[in-house]
Every structure is written in structure tokens, then in C-alpha cells.
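Trainee:
Number of protein chains: 2
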Amino acid sequence: MRNRTVIVLGADGYLGWPQAMHLSSQGYRVIAVDNLVRRRWDLECGTSSLIPISTMERRVERWRELGRGDIEWRLVDLTDAEALSDLIASTKPDAVVHFAEQRSAPFSMVDREHAVMTQLNNVAGTLNLLFALHEHAPECHLVKLGTMGEYGTPNIDIEEGFITIEHNGRTDTLPYPKLPGSFYHLSKVHDSHNIHFTCRAWGIAATDLNQGVVYGCTTPETALHPELATRFDYDGIWGTVLNRFIVQSAIGKPLTVYGSGGQTRGFLDIRDTMACVQLSIEHPAQPGEFRVFNQFTEQFSVLQLAELVRDARAAHGGETTIDHTPNPRFEKDTHFYNAKHQLLVDLGLEAHKLRSTLIDSVIATVEEHIDRVDLSQVGVSDVEWTTGRSRAATGKAQVATPAAETVA
Amino acid sequence: MRNRTVIVLGADGYLGWPQAMHLSSQGYRVIAVDNLVRRRWDLECGTSSLIPISTMERRVERWRELGRGDIEWRLVDLTDAEALSDLIASTKPDAVVHFAEQRSAPFSMVDREHAVMTQLNNVAGTLNLLFALHEHAPECHLVKLGTMGEYGTPNIDIEEGFITIEHNGRTDTLPYPKLPGSFYHLSKVHDSHNIHFTCRAWGIAATDLNQGVVYGCTTPETALHPELATRFDYDGIWGTVLNRFIVQSAIGKPLTVYGSGGQTRGFLDIRDTMACVQLSIEHPAQPGEFRVFNQFTEQFSVLQLAELVRDARAAHGGETTIDHTPNPRFEKDTHFYNAKHQLLVDLGLEAHKLRSTLIDSVIATVEEHIDRVDLSQVGVSDVEWTTGRSRAATGKAQVATPAAETVA
Numbered sequence: 001m002r003n004r005t006v007i008v009l010g011a012d013g014y015l016g017w018p019q020a021m022h023l024s025s026q027g028y029r030v031i032a033v034d035n036l037v038r039r040r041w042d043l044e045c046g047t048s049s050l051i052p053i054s055t056m057e058r059r060v061e062r063w064r065e066l067g068r069g070d071i072e073w074r075l076v077d078l079t080d081a082e083a084l085s086d087l088i089a090s091t092k093p094d095a096v097v098h099f100a101e102q103r104s105a106p107f108s109m110v111d112r113e114h115a116v117m118t119q120l121n122n123v124a125g126t127l128n129l130l131f132a133l134h135e136h137a138p139e140c141h142l143v144k145l146g147t148m149g150e151y152g153t154p155n156i157d158i159e160e161g162f163i164t165i166e167h168n169g170r171t172d173t174l175p176y177p178k179l180p181g182s183f184y185h186l187s188k189v190h191d192s193h194n195i196h197f198t199c200r201a202w203g204i205a206a207t208d209l210n211q212g213v214v215y216g217c218t219t220p221e222t223a224l225h226p227e228l229a230t231r232f233d234y235d236g237i238w239g240t241v242l243n244r245f246i247v248q249s250a251i252g253k254p255l256t257v258y259g260s261g262g263q264t265r266g267f268l269d270i271r272d273t274m275a276c277v278q279l280s281i282e283h284p285a286q287p288g289e290f291r292v293f294n295q296f297t298e299q300f301s302v303l304q305l306a307e308l309v310r311d312a313r314a315a316h317g318g319e320t321t322i323d324h325t326p327n328p329r330f331e332k333d334t335h336f337y338n339a340k341h342q343l344l345v346d347l348g349l350e351a352h353k354l355r356s357t358l359i360d361s362v363i364a365t366v367e368e369h370i371d372r373v374d375l376s377q378v379g380v381s382d383v384e385w386t387t388g389r390s391r392a393a394t395g396k397a398q399v400a401t402p403a404a405e406t407v408a
Numbered sequence: 001m002r003n004r005t006v007i008v009l010g011a012d013g014y015l016g017w018p019q020a021m022h023l024s025s026q027g028y029r030v031i032a033v034d035n036l037v038r039r040r041w042d043l044e045c046g047t048s049s050l051i052p053i054s055t056m057e058r059r060v061e062r063w064r065e066l067g068r069g070d071i072e073w074r075l076v077d078l079t080d081a082e083a084l085s086d087l088i089a090s091t092k093p094d095a096v097v098h099f100a101e102q103r104s105a106p107f108s109m110v111d112r113e114h115a116v117m118t119q120l121n122n123v124a125g126t127l128n129l130l131f132a133l134h135e136h137a138p139e140c141h142l143v144k145l146g147t148m149g150e151y152g153t154p155n156i157d158i159e160e161g162f163i164t165i166e167h168n169g170r171t172d173t174l175p176y177p178k179l180p181g182s183f184y185h186l187s188k189v190h191d192s193h194n195i196h197f198t199c200r201a202w203g204i205a206a207t208d209l210n211q212g213v214v215y216g217c218t219t220p221e222t223a224l225h226p227e228l229a230t231r232f233d234y235d236g237i238w239g240t241v242l243n244r245f246i247v248q249s250a251i252g253k254p255l256t257v258y259g260s261g262g263q264t265r266g267f268l269d270i271r272d273t274m275a276c277v278q279l280s281i282e283h284p285a286q287p288g289e290f291r292v293f294n295q296f297t298e299q300f301s302v303l304q305l306a307e308l309v310r311d312a313r314a315a316h317g318g319e320t321t322i323d324h325t326p327n328p329r330f331e332k333d334t335h336f337y338n339a340k341h342q343l344l345v346d347l348g349l350e351a352h353k354l355r356s357t358l359i360d361s362v363i364a365t366v367e368e369h370i371d372r373v374d375l376s377q378v379g380v381s382d383v384e385w386t387t388g389r390s391r392a393a394t395g396k397a398q399v400a401t402p403a404a405e406t407v408a
């Protein structure tokens, strides 16, 4: 993979930073791009990573000091079309991995400002990227992070991006219908439609990775040095469900499950995200192809996850209770869910299945940083889907209040 | 309908203004809202309405002088969330008819700026509206103008918004898959997904009118006085195909058909737009219901339309030739097309079918204003779908160049 250039957009994020290191380890020339807005949003929300994270400058410097190679760090905002265009023109990437979006469903549901910001930011950033690729790197393979949440919970099997429909004696294979459950998830649906169009009209080569809920915080690269750690969110706005249950468990709090916990979703280990993106890059989409992979490895209900955490704690003599709280989201409490996830396996993905050893190791990581846990962040999210604003909102959005399990 | 308040958003447009008058004639209290941006875009593009149009102030004044009632005119931009929120809060409408979007496919394809502006403007305006309704008029019925172009040209029958899919032994009724063909059409797909979500999550009552290509320029109300006329676009950016063929024919130019002209679409008379919107208001969606009507009355291929115009001219001794030019759009030249359009008929729509008498009357209108025809606007559009920019573009977008048939 020497001489192959990959740009990682959103390289300051939970997944973007380990992805940049992972690809660097694989021999790619990696350009790490971010606008650092996620750190500003932490300030707005009063949230912070449980694991301390270094600045991007420190991270890439440490990576270099450890003899791991150069990761080129660039501060660019995707909504700055000119800067993005210059970046693509000057680096001519072989692949772009696009994590650079507002990625929290609750954050997008706080109020009108957050909803509109999420959609404009995500849609404009991706459009700017598509135009820049079309103009300056038409052969570049776009690897875009979508979400399984684009599909919602239909009453039929979820296919990977497309479905063949027989209707009134005729047949066509068409984009799988979408029923997203938040303004954030909607923004990803919009992106998917925009990207698909540019594949058809301009010949862009794109892979849309409809990712499940990621858990874990350790990859071979983050483990090399504390300054290479990635963020670990456990609050109601940014934290994903399993990570948050583990923090609740570690500090002896009940696991807060929304409703019966029958909501079923696809999940994957952070190390599998690394592998899926790498596999996508190594087996690129063809010019004009819009390819969708469902990127997860196992399905669980929220209650199953809570029980897994409880049982892992029990094996070490710990006791954990499970609380059922009213669901602030608009989603079905119990439902059919069967989502296909074969295409990445066909490319060679070997999944890390969720084992109690993983839960144990995350618990150990949490315990290392237990003095950093902000108790006010470990509870039930106050962002209410039905009102479209946070319960605590008074004029200016207020999202820094107790928080609970967040599926994605 | 006395005491029922309807807001018409986009009331300065081709359809918005006659719709405002039509609803006023039916006894509704009508509030006409626009940001007048369409007139600014004419200046940018070097385009203008063939039929002279009055200011909004003059129009509503003339309406009053003719004893037709009050239409309340308000200058509001939907991207100004506060002004829009105040409008909804202070008027508590029973229905909102939402025409207020950038509605030209070629304009959205000029370059990056136009693509991003179209999507951000349309998506943000509609999101702002949804939040304003949710907060201040939760019972209000939203009647939103979509487009048949959201569906593209699938190889199966196009249903009205939803399709029942049987798949691997299970069945669900899901949003009809979308294959939009421009950044404009994509913006309407984004809107549809956003609106559908708020119907599910908040209980918004919405009707999405997936409208075909509108032709004609005269309604009973526009005919009352020259100052009540609506705009008539014949250029390659804003003009719809039949109106533009008629202008080409009236000035003795060949009708410019893209490719073979096999592109088939749904069409309707401007008077039927008026009726469809009124029927939708009179038979509102229920709270939480997202209803989609395919709003057109007849299917034609582009070549069929050209032949209809040629034949109508021939009946009066005129001679018209048909030119086939390369298609700058990304669309199938010939394809299966069978779109359902039954739901508005079930509500009572009695369609004005396209007759040569209609073509004759539009030709007569064009001839009245023939001295206003700008020959440089009657040709082949220079906006190229495959490049994503206008051929004449050099830095600043340049769209004021020869223009041809535009399907929607």
C-alpha cells in the first residue's frame, strides 16, 4: 500500500483517529483532516471523553516519535468549499474516508438550531466533497460512513442498500426504502441520495458504510501510548449504548434501559470498524458504482446488552441492576429486525464477536479513569424526540443534563 | 371556507400567485408569503417572464380594487427561522401551502454553489417550517409541493408515495424508493424524508404533492386583469417544456428535443394545480399522517409534446420543425414509465386534458408579448449534468445563455 494516499476526514473523532493510525500502520500515506468541532461541542454540552485525549498535533508527533510513520494533520472544515477543494487538488487521494459529520442523534434533536445545523453541516460538507472529487480526483474512491439507522425498523429483512422489487409483473432493483429516526439519521439518508446521484451522473466511485453501533475503545494502535488514545463518550448525547452501560456498571449505577429494551440493532467492535474501512479501500467500488455495505457483526436488543454487562460484572462478584425508564426517542419498543451483513464478510472480514472479555477490558479501562466520571452525565438523556427540544431548554439549547442509553 | 386561514408560501411564483388568488376566490383568508428571490434569480440568469408581472403590492391591491377580497402580503424568507416562527404564531393557519423552494433542476446543476444553495435553502426552509408548525400550529395541515422527479424512472409502476413489498415471506408498506435526477430533485427527496419523520415523531399532518410538469399560464383569476398575471418562463433554466415549445413555435424556431425525446413524464394544466391544492386542503391529512399524491393528469413523451405543438400550429397553417439535440441531462432517453395518479381523482379532481385549444390559447398569449421574447434564451440549455457546471461558467456561474427544453 506504499504510495497510496488516503485522506481521513473527521480524524479527530472516536473512530477517525484510530482509523488514521490503522491505515498508517498498513502502509498508506495518511492525511488526517478535522475541524475540531467535536471538542467545541463537548464544551457546549458539558460533556467530555472519559479517557483523556491529546491534541492532534501531539498525537501525530507521538506517532512519529514511536517510529510509526507520518500522519499529515490538516485543519480543514468541509463546509469551507475552497479549502476542501484545495486539499483534494493538492493531494490527489486514492481514497477518502469520510467520518466528518455531526454524528449524534440526540444532539440533532435538541432543538431547531441543532436539527438544521446537523443537516446543513452534513449535507453541505458531503456535497462540497463530491464536487471537489469530481473536479480534482475523479478516480478517487469515496468511503462514506452512513448508519444502519437510515433503514429504521421495517417489517421485512433489511438488505444492503438495494432491494429487488417485483411489482405488478415487472422487476427492478432500487434503493432500499429508508425510515430514519432522527434529524441526524435523516442527514445520512440525504447524503446517501446525493452520493448515489453523483455516482450515476458523474461516475464517482463510492462505498456507503451503513455502520451499526460501535463499542470498545482499544485498537492495537491506541494501546501503543496514552497520547494515542481515542475518545470514550459515556454521556447521553455522544455515548453509544454499550460503552455507557459499562460506565454505569463500573460506578455502581443501574443500567438505564429505555422501555422494555426490546429495540434491536446491529453492533460491532471498534477494531472491526478499522478492518471494514480497510477492506473497502482495498477492494474499491468501480467508477460509477454506488455500493452499500451494512457494517456490523452481531444483532442485540438493548436489554440483551444490559444483561451481558450485568453478567460480566457478576462473574467478578459485582452486582448490577437494570432500570427501565420511559423512552424519550420515537422508536418501536419491540419489533422485527433482520439486517443482512454479508458483503464485508465476503471481502474477508473476520469479526470480533462480543465476549465478556471485551466487556471486562472496557471495565478495566473505565476503572483507570473513574475519577474523571461526571455523575451528572450518567443518567437519562433529557432530549425528548416528541417535543423536538431538550426538557431543560430555555432559549439557548441546554443539553448538559442527565443522560441515558443511546443506541446510535 | 370563511374563517379558514391558509398561508401560501412562495406566493410570488408561477404557481404560488394564482394559487393565492384561487384560494381567496374560494373564501379562504389567504396570507401570501415570499422572499422575492425568484425575481433576483432572473437578474442573475438574464431571464425574465414573457408576460409582464406586477409587484406583489400591486397584485394584492388590484385584487382588492376588483372587489375580490383581501390577500395579505408578507415579505418573509423561510430561512429566517424567527420571522417564519412569528408568522405561524401570529396567524395560526389551518393550512400552509408550501411552494417556497428553488425549483429549477438546471439552476441546481450550474455549479457547486448553486447545488449547495438549492439544497440548503430548500431543506432549511422546510425544517424551519416544520419546527414552527410543531411549536405554534400543531393541528395545521402542511401541503407541500414535491415533484414526480423524486421517483426518477424505475422499471416498475410508480405508486403514490408508498409501496407494499413482499420480501422473503414478510410484507411491509414502505416509502417508495427514490432515484432523483438533479440536486434540485434531491432536495425534494430530502424534504419528503424530513416531513415524513415529523409526521411520525410529532404528529404533523402533511400532504406531499408530487407534481408533474405544469403547462399553461391562465386561470380564471389571472385572466381578470393584466396586473393579476402570473409569470411565464420560456428559457432553459426556468421554463417548463410545453411552455417553451410553444414559444419556440410562436417565433418560428425549431422545437429543441433532447435526444430522441422518448423521456416520458407526467403533465398537468395550471388550473389543475389550483384544484389539486384546494382538494388537498378540503380533505386534509390526519394528525401524524404523511400522505403522498402524484399530482399530474396525463403522461407524454417529450417528442409527443413537440408533435402536439407542431400539429396545433399546422392546423392554423403554421409550419414547425423539430430538432433533436444532445441531452445535457443525466436521464434515460427511452424507458418504461407508468405512474399512478388516482388519489386526487378519488377526491374529485376533474382534469383539464391537454387539447390543441389550450396550445392555441397559449400561442395567442405568447403572440401578445412576442416583442418581449429574448432570442438568446430560446435554444439549448448550457447547463451540463455530467460536468456539474455550465459550459459558459468561468469562475462566477454563468447561466444566461441559450436554452432548450426542460422537463421540470
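Just so you know, the sequences run in chain order R and S.
Quick note on my numbering: the first sequence kicks off at 1 and runs consecutively.
Quick note on my numbering: the second sequence kicks off at 1 and runs consecutively.
Think of the CB as a built atom: it goes at the ideal place given N, C-alpha and C, for glycine as much as any other residue.
#1: For S:T409, which three-state DSSP category applies?
#2: So, does the CB of R:R200 fall closer than 8 Å to a CB anywhere in chain S?
#3: Under 8 Å by Cβ, that's how I've got S:L231 and S:S49 pegged, so tell me the actual separation to the nearest angstrom.
#4: Less than 8 Å between the C-beta atoms of R:I88 and R:H136, yes or no?
#5: Below 7 Å CB to CB, which residues in the same chain sit around R:P18 once its five sequence neighbours on both sides are set aside?
#6: So that I know if they touch, is there some Cβ in chain S lying closer than 8 Å to that of R:T406?
#7: Assign S:V345 to buried or exposed, taking buried as 16 or more other Cβ atoms, counted over all protein chains shown, within 10 Å of its Cβ.
#8: Just the chain S side, please: which residues come within less than 8 Å of R:N155 by C-beta, in chain order?
#9: Would you say R:N194 faces chain S, with C-beta separation under 8 Å as the test?
#10: Could you tell me whether any Cβ in chain S is nearer than 8 Å to the Cβ of R:R62?
#11: Against chain S, which members of the segment 92 to 119 of chain R pass a CB distance test of less than 7 Å?
#12: What whole-angstrom Cβ distance do S:L354 and S:F293 have, given they're in contact under 8 Å?
#13: Give the straight-line distance between the Cα atoms of R:A339 and R:S301, rounded to the nearest whole angstrom.
#14: Rank S:E227, S:W238, S:Q248 by C-alpha distance to the C-alpha of S:E44 and give the top, closest one.
#15: Specify the secondary structure class of R:V37 as computed by DSSP and reduced to three states.
#16: For S:T386, which residues in chain R fall below 8 Å Cβ to Cβ?
#17: Pick out whichever of R:M148, R:T207, R:G216 has its Cα sitting closest to the Cα of R:Y184.
#18: R:N210 bridges to which residues according to DSSP?
#19: So, with DSSP's three-state summary, where would you put R:H369?
#20: Run through DSSP, which three-state label would R:Q248 get?
#21: Helix, strand or coil for S:H167 per DSSP?
#22: Buried or exposed: where does S:L242 fall if 16 or more other Cβ atoms within 10 Å of its Cβ makes it buried?
#23: So S:V189 contacts chain R; which residues on that side make the cut at Cβ distance below 7 Å?
#24: Are R:H324 and R:G236 closer than 8 Å when you measure CB to CB?
#25: For the segment 122 to 149 of chain R, enumerate the residues whose C-beta is nearer than 9 Å to any C-beta of chain S, in chain order.
#26: Determine the contact status of S:C217 and S:V362, defining contact as a CB-CB distance below 8 Å.
#27: Apply the 10 Å Cβ neighbour rule to R:R58 and answer buried if 16 or more other Cβ atoms are within range, or exposed otherwise.
#28: Return helix, strand or coil for S:H190, following the three-state DSSP convention.
#29: From the DSSP secondary-structure annotation, give me the bridge partner or partners of R:F300.
#30: Out of R:Y28, R:P93, R:A81, point me to the one whose CA is closest to R:V123's CA.
#31: Taking the DSSP output, what are the residues bridged to S:A95?
#32: Once the 5 residues before and after R:L358 are set aside, which same chain residues still bring their CB inside 8 Å of it?
#33: Between the segment 109 to 124 of chain S and the segment 165 to 178 of chain S, do three or more beta carbon pairs fall short of 8 Å?
#34: By the three-class DSSP mapping on this structure, what secondary structure does S:H341 have?
#35: Contact criterion: CB-CB distance below 8 Å. Does S:F290 meet it with respect to chain R?
Mentor: With the structure as the only source:
#1: Because chain S here runs from 1 to 408, residue 409 of chain S falls outside it and cannot be looked at.
#2: On the first sequence, residue 200 of chain R is found 200 positions in, with the first residue counted as 1. So yes, R:R200 belongs to the interface.
#3: Reading the second sequence from its first residue, position 231 is the one you call residue 231 of chain S. Reading the second sequence from its first residue, position 49 is the one you call residue 49 of chain S. Correcting the residue type first, residue 231 of chain S is Arg in the shown sequence and not Leu. That belief holds up - the Cβ atoms of S:R231 and S:S49 are roughly 4 Å apart, short of 8 Å.
#4: Translated into positions along the first sequence, residue 88 of chain R becomes position 88. Translated into positions along the first sequence, residue 136 of chain R becomes position 136. Yes, they are a contact pair.
#5: Within the first sequence, numbered from 1, the residue matching residue 18 of chain R stands at position 18. Once the five neighbours on either side are set aside, the close Cβ partners of R:P18 are T219, E221, T222, T230, I270, M274.
#6: Position 406 of the first sequence holds residue 406 of chain R. With a pLDDT of 39 at R:T406, under the threshold of 50, the modelled position of that residue is not reliable, and the figure given next carries that caveat. No, R:T406 lies away from the interface with chain S (no Cβ there is under 8 Å from its Cβ).
#7: Sequence index remark: in the second sequence, residue 345 of chain S carries index 345 (1-based). Classification for S:V345: exposed.
#8: By 1-based counting over the first sequence, the position of residue 155 of chain R is 155. In chain order: R170, T171, D172.
#9: Mapped onto the first sequence, residue 194 of chain R falls at position 194. R:N194 counts as touching chain S.
#10: As a first step, residue 62 of chain R is located in the first sequence; it is residue number 62 there, counting from the start. R:R62 does not count as touching chain S.
#11: R112, A115, V116, Q119
#12: Your numbering for residue 354 of chain S matches position 354 in the second sequence. Your numbering for residue 293 of chain S matches position 293 in the second sequence. S:L354 to S:F293, Cβ: 20 Å. No contact.
#13: Residue mapping note: residue 339 of chain R aligns to position 339 of the first sequence, counting from 1. Residue mapping note: residue 301 of chain R aligns to position 301 of the first sequence, counting from 1. If I take the Cα positions, the gap works out to 13 Å.
#14: Position 44 of the second sequence holds residue 44 of chain S. Of S:E227, S:W238, S:Q248, the residue nearest in Cα terms is S:W238.
#15: Numbered from 1 along the first sequence, position 37 holds the residue referred to as residue 37 of chain R. Helix, per DSSP.
#16: Here residue 386 of chain S is taken as the residue at index 386 of the second sequence, counted from 1. Per Cβ cutoff of 8 Å: A201, W202.
#17: Here residue 184 of chain R refers to the residue found at position 184 of the first sequence. With distances taken between Cα atoms, R:Y184 lies closest to R:M148.
#18: Within the first sequence, residue 210 of chain R is the residue found at index 210, counting from 1. In DSSP, R:N210 forms a bridge with R:G146, R:N294.
#19: Start at 1 with the first residue of the first sequence, and residue 369 of chain R comes out as number 369. R:H369: coil per DSSP, three-state reduction.
#20: Walking along the first sequence from the start, residue 248 of chain R turns up at place 248. It is helical.
#21: Against the second sequence, residue 167 of chain S aligns to sequence position 167. Strand at S:H167.
#22: Against the second sequence, residue 242 of chain S aligns to sequence position 242. S:L242 is buried by the Cβ-count criterion.
#23: Reading the second sequence from its first residue, position 189 is the one you call residue 189 of chain S. Within 7 Å Cβ-Cβ: H193.
#24: For the purposes of this step, residue 324 of chain R is taken as the residue at position 324 of the first sequence. For the purposes of this step, residue 236 of chain R is taken as the residue at position 236 of the first sequence. In this structure, R:G236 does not lie closer than 8 Å to R:H324 by Cβ.
#25: V123, A124, L127, N128, L130, F131, A132, H134, E135
#26: Here the question's residue 217 of chain S lines up with position 217 in the second sequence. Here the question's residue 362 of chain S lines up with position 362 in the second sequence. For S:C217 and S:V362, yes; Cβs fall inside 8 Å.
#27: In the first sequence, the residue the question calls residue 58 of chain R occupies position 58. The residue is exposed, with fewer than 16 neighbouring Cβ atoms inside 10 Å.
#28: Translated into the one-based positions of the second sequence, residue 190 of chain S becomes position 190. Helix.
#29: In the first sequence, counting from the first residue as 1, residue 300 of chain R sits at position 300. DSSP output for R:F300 lists R:R265 as bridge partner(s).
#30: Locating residue 123 of chain R in the first sequence gives position 123, where the first residue counts as 1. Measuring from the Cα of R:V123, the nearest candidate turns out to be R:A81.
#31: Here the question's residue 95 of chain S lines up with position 95 in the second sequence. Beta-bridge pairing links S:A95 to S:V6, S:H141.
#32: Locating residue 358 of chain R in the first sequence gives position 358, where the first residue counts as 1. Closer than 8 Å at Cβ, skipping near neighbours: Y215, G216, D269, H352.
#33: no
#34: As a working mapping, residue 341 of chain S is identified with position 341 in the second sequence. Three-state result, S:H341: coil.
#35: Locating residue 290 of chain S in the second sequence gives position 290, where the first residue counts as 1. Taking Cβ atoms only, chain R never reaches closer than 8 Å to S:F290, which makes this a no.
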